[in-house]
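So the sequence shown is residues 292 to 394, counted in the numbering used here. Beta carbons: idealized from backbone N, C-alpha and C, even for Gly. Everything numeric in this text was worked out from a predicted model, so none of it was measured.
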Amino acid sequence: MTPLAAYLLVSALLFAIGFAGALTRRNSILVLVGVELMLNAANLNFLAFWRYGPNPEALTGVMFVLFAIAVAAAEAAVGLALIIAIYRHYCSSNVEDVATMKG
């Protein structure tokens, strides 16, 4: 197995775990953790293709990953703020409780 294939296999497993976690969990914080796992799998793909690509001297993969980490940090901050606001209103962090919101 080539090193690139090994990285892609680990990334696919990480993405699958995050996807399954985001779809099957009822707790909104665990759904957010699943989304973060999927973003980390994408970052691992960026780095693997950058490292084993035709021009690893150019830092394009690293720049993509740094930008994705910044977006993930902002997403986590906004997501946690929304979860706290929903918890204060419903006294529950269950995702199914949000379905009752109307307006």
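Asked, Found
"Is Asn-334 closer than 9 Å to Ile-374 when the C-beta atoms are compared?", "no"
"Beta carbon of Leu-300, beta carbon of Asn-336: below 9 Å?", "no"
"Quick one: is the Cβ of Ser-302 within less than 8 Å of any heavy atom of the ligand MG?", "For the structure depicted, the ligand MG is absent and the ligand set is empty, with no information on it obtainable."
"So who's on the other strand from Asn-318, going by DSSP bridges?", "Asn-385"
"Going by Cα to Cα distance, which pick from Glu-327, Leu-304, Val-356, Leu-338 is closest to Leu-371?", "Glu-327"
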